[in-house]
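Asker: Sharing a structure, written as structure tokens. Questions coming.
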Ligand code: XLS
Ligand code: NI
Ligand code: NI
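Next up, the structure:
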């Protein structure tokens, strides 16, 4: 009897311990539980326990956590959908975005955050990143050096922090079979960069920026990154009265030359990308738009070494459409990557919203198809949740709708291209040049005297309709 009671008690105790083990395993990774889900490699819990792996369910699905249009393995126009896009999650928005704006405090308190910028927090966030992109079904991620690891008191300390987080990132991305689309250095947040980085009036700052880019490029290379981005957030001016613009631009060119040399020295084969943006934070940024950046590259003989990373919201800030910027980059052989986002038509700054306009997505995809894709570039979601969107699932929903919108754009653009009436309309518009004299003009063999003689022979030219509304009708019918 006693034995029996003892056994029952033991069984009961075992059951209690078992229950405790099950119940006590954190379902998310609460910041208060650093021991179990901080740096510990043994912890196997989930950051997003409520979120399943996102799957394609087709256009009739009402499930917000599913793709309606993006079907990664589906082949379309000679390539799998996932290969047309090479989607990437931007670490800075998704894992460092707080919802703060110039008028208000942060609104997002993700369960895994402990409110610090510590090294262990950085590592936990990196684990959350890989669970996020794995569940979302995205193959790539992008980062700034200072989003993934805390800035130290010295360059050596910052580099050591970065090395520690990058070692973990490398381990996690190998396990998850994910890749870095691009890395970059954050050369705009620290007060030392207030006058710019490569275009700062201070030599010490130029040198610091060089050291930072050197390291950021090395860790991007270490992580197998396929591109490296330069966004000149503070490379510009607030007033021309106190600025030697010519000298600043020369410095920027020297900086890029040194970056090319370092890239070669370390054997990094990724594409170097310049990301144009006209202003914000400075009043005028030197990489204003695609055409300005192309001119800069040509002036300094750097055109073979760089391509452009076109961001849609930056395009509209510069007074262009995203389609215009993509076409300008493409026809100059410079289209390398897209930072996929959009602005608000009623708001004049870089709101970095997820792109949800099917019409805009179709125009974007027309450029991408004409470019033969973007590889080794891709689509990086440089986009953030609205300040008022505060649920963890919103992070997924935002990316899903962004991916679905671009997938619809791809489907519509392919329809347009395969139908052929729009390109036929454009071809016909220029057909007067498909003649012998047209060919002479295009080959640079028709001088003014020769053309004057022709005008006397032909008289007043007949001028055909541009058929803009017909073009718009054809475009609409593909959406
Ligand atoms: C800011 C830029 C930035 C770059 C990377 O407006 O878009 O996020 O993409 O430094
Ligand atoms: Ni960007
Ligand atoms: Ni931007």
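Numbering (mature numbering (1 follows the signal peptide of the UniProt record, and there is no 0)), first residue to last: -24 to -1, 1 to 455. Where is the CB? At the ideal position from N, CA and C, for every residue including glycine.
#1: Going residue by residue through the region 301 to 350, where are the continuous beta strand (DSSP E) segments of at least 3 residues, counting only ones entirely within it?
#2: How would you write the range of the beta strand (DSSP E) that residue 66 sits in, first residue to last?
#3: Any heavy atom of ligand 1 closer than 6 Å to the CB of residue 158?
#4: Assess, as a yes-or-no matter, whether the region 131 to 150 is touched by the region 299 to 311 under the definition of 3 or more beta carbon pairs within less than 8 Å.
#5: Does the count of Cβ pairs from the region 97 to 107 and the region 175 to 195 closer than 8 Å reach three?
#6: Which partner residues does residue 55 have in the DSSP bridge list?
#7: Return helix, strand or coil for residue 45, following the three-state DSSP convention.
#8: Applying the criterion that 16 or more other CB atoms from any shown protein chain within 10 Å of the CB defines a buried residue, is residue 379 buried or exposed?
#9: So, at 6 Å on beta carbons, what are the nonlocal neighbours of residue 283 in its own chain, with the 5 sequence-adjacent residues on each side left out?
#10: How long is the line joining the alpha carbons of residue 24 and residue 149, rounded to whole angstroms?
#11: Looking at ligand 1, does it come within less than 6 Å of residue 493, judged from the CB to the closest heavy atom?
#12: At a cut-off of 6 Å, is residue 207 close to ligand 1 when judged by its beta-carbon and the heavy atoms of the ligand?
#13: Out of 318, 29, 425, 367, point me to the one whose CA is closest to residue 382's CA.
#14: Would you list, in sequence order, the uninterrupted beta strand (DSSP E) runs of no fewer than 3 residues that lie entirely inside the region 202 to 271?
#15: On a Cα-Cα basis, can you pick out the residue from 118, 99, 117 that is closest to residue 138?
#16: Report the residue from 358, 296, 192, 391 whose alpha carbon sits nearest the alpha carbon of residue 134.
#17: Quick check: what's the CA-CA separation for residue 257 versus residue 326?
#18: Between the alpha carbons of residue 185 and residue 429, how many angstroms are there, rounded?
#19: Give every residue of the same chain whose Cβ lies closer than 8 Å to the Cβ of residue -4, excluding the five residues on either side of it in the sequence, and list them in chain order.
#20: Taking its Cβ as the centre, do 16 or more other Cβ atoms sit within 10 Å of residue 79, making it buried, or is it exposed?
#21: What is the DSSP secondary structure of residue 423, counted as helix, strand or coil?
#22: Residue 115: beta carbon under 6 Å from a heavy atom of ligand 2?
#23: Ends of the beta strand (DSSP E) at residue 283?
#24: Could you compute how far the alpha carbon of residue 411 sits from the alpha carbon of residue 397?
#25: In the DSSP assignment, find the alpha helix (DSSP H) that holds residue 403 and state where it starts and stops.
#26: Do you know how far the Cα of residue 119 is from the Cα of residue 252?
#27: Under 6 Å from any heavy atom of ligand 5, does the C-beta of residue 358 make it?
#28: Just checking residue 251 against ligand 1 - is the residue's beta carbon closer than 6 Å to any of the ligand's heavy atoms?
#29: Looking at residue 90 and ligand 1, is the gap between the Cβ and the nearest heavy atom below 6 Å?
#30: Tell me which residue opens and which closes the beta strand (DSSP E) that residue 155 is part of.
#31: For residue 265, which residues of its own chain have a beta-carbon under 7 Å away from its beta-carbon, when the five flanking residues on both sides are left out?
#32: Using DSSP's beta-bridge definition, name the partner residues of residue 298.
#33: Answer yes or no: do residue 285 and residue 157 have a C-beta to C-beta separation smaller than 7 Å?
Answerer: Result, derived from the coordinates:
#1: Restricting attention to beta strand (DSSP E) runs no shorter than 3 residues, the region 301 to 350 encloses them at 311 to 315, ordered along the chain.
#2: Indexing the chain shown from 1 puts residue 66 at position 90. According to the DSSP assignment, residue 66 belongs to the beta strand (DSSP E) that extends over 63 to 66.
#3: Counting from 1 along the chain shown, the entry for residue 158 is found at position 182. Outside the cutoff, so no.
#4: Short answer: they don't touch.
#5: Contact between the region 97 to 107 and the region 175 to 195 is absent: fewer than three C-beta pairs spanning the two stretches fall below 8 Å.
#6: One-based indexing of the chain shown puts residue 55 at position 79. According to DSSP, which records beta bridges pairwise, residue 55 is partnered with 52.
#7: For the purposes of this step, residue 45 is taken as residue 69 along the chain shown, with counting starting at 1. In this structure, DSSP gives residue 45 a state outside helix and strand, which the three-state scheme calls coil.
#8: In the chain shown, residue 379 corresponds to position 403, counting from 1. So residue 379 counts as buried.
#9: Along the chain shown, read from residue 1 onward, the residue named residue 283 stands at position 307. Around residue 283: 247, 249, 310, 312.
#10: As a position in the chain shown, residue 24 is number 48, starting the count at 1. As a position in the chain shown, residue 149 is number 173, starting the count at 1. Cα to Cα, residue 24 sits roughly 18 Å from residue 149.
#11: Only positions -24 to 455 of the chain appear in the structure, and residue 493 is not among them; the question remains open.
#12: The sequence position of residue 207 within the chain shown is 231, counting from 1. Under cutoff, so the answer is yes.
#13: Within the chain shown, the letter at position 406 stands for residue 382. Of the listed residues, the one whose Cα sits closest to residue 382 is 318.
#14: Counting only runs of at least 3 residues, the region 202 to 271 fully encloses the following beta strand (DSSP E) elements, listed from N- to C-terminal order: 203 to 206, 247 to 250.
#15: As a working mapping, residue 138 is identified with position 162 in the chain shown. Checking every option, the nearest Cα to that of residue 138 belongs to 99.
#16: What you label residue 134 is simply residue 158 of the chain shown in a count that begins at 1. Cα-wise, what sits closest to residue 134 is 192.
#17: Position 281 of the chain shown holds residue 257. Position 350 of the chain shown holds residue 326. Residue 257 and residue 326 have their C-alpha atoms spaced approximately 10 Å apart.
#18: Your numbering for residue 185 matches position 209 in the chain shown. Your numbering for residue 429 matches position 453 in the chain shown. Cα to Cα, the separation comes out at about 60 Å.
#19: Against the chain shown, residue -4 aligns to sequence position 21. Low confidence applies here, because residue -4 scores a pLDDT of 36, under 50, leaving its location unreliable; read the following figure in that light. Cβ within range, chain order: n/a, list empty.
#20: Sequence index remark: in the chain shown, residue 79 carries index 103 (1-based). Burial call: exposed.
#21: Walking along the chain shown from the start, residue 423 turns up at place 447. Residue state, collapsed to three classes: coil.
#22: Residue mapping note: residue 115 aligns to position 139 of the chain shown, counting from 1. It does not: the Cβ of residue 115 is nowhere closer than 6 Å to a heavy atom of ligand 2.
#23: Taking the first residue of the chain shown as position 1, residue 283 is located at position 307. 282 to 287 is the extent of the beta strand (DSSP E) around residue 283.
#24: Here residue 411 is taken as the residue at index 435 of the chain shown, counted from 1. Here residue 397 is taken as the residue at index 421 of the chain shown, counted from 1. If you take the alpha carbons of residue 411 and residue 397, they lie about 22 Å apart.
#25: Stepping through the chain shown from its first residue, residue 403 is reached at position 427. First-last of the alpha helix (DSSP H) with residue 403: 397 to 405.
#26: Residue mapping note: residue 252 aligns to position 276 of the chain shown, counting from 1. Residue mapping note: residue 119 aligns to position 143 of the chain shown, counting from 1. For residue 252 and residue 119, the gap between their C-alpha atoms comes out near 18 Å.
#27: Of the ligands one can find in the structure shown, namely ligand 1, ligand 2 and ligand 3, none is ligand 5.
#28: Numbered from 1 along the chain shown, position 275 holds the residue referred to as residue 251. Answer for residue 251: yes, Cβ within range of ligand 1.
#29: Numbered from 1 along the chain shown, position 114 holds the residue referred to as residue 90. No; taking the cut-off as 6 Å, the Cβ of residue 90 has no heavy atom of ligand 1 nearer than that.
#30: Here residue 155 is taken as the residue at index 179 of the chain shown, counted from 1. Start and end: 155 to 160.
#31: As a first step, residue 265 is located in the chain shown; it is residue number 289 there, counting from the start. Same-chain partners within the cutoff: 252, 254, 294, 296, 301.
#32: Translated into the one-based positions of the chain shown, residue 298 becomes position 322. Residue 298 is not bridged to any residue.
#33: The sequence position of residue 285 within the chain shown is 309, counting from 1. The sequence position of residue 157 within the chain shown is 181, counting from 1. Between residue 285 and residue 157, the C-beta gap is not smaller than 7 Å, which leaves the two residues out of contact.
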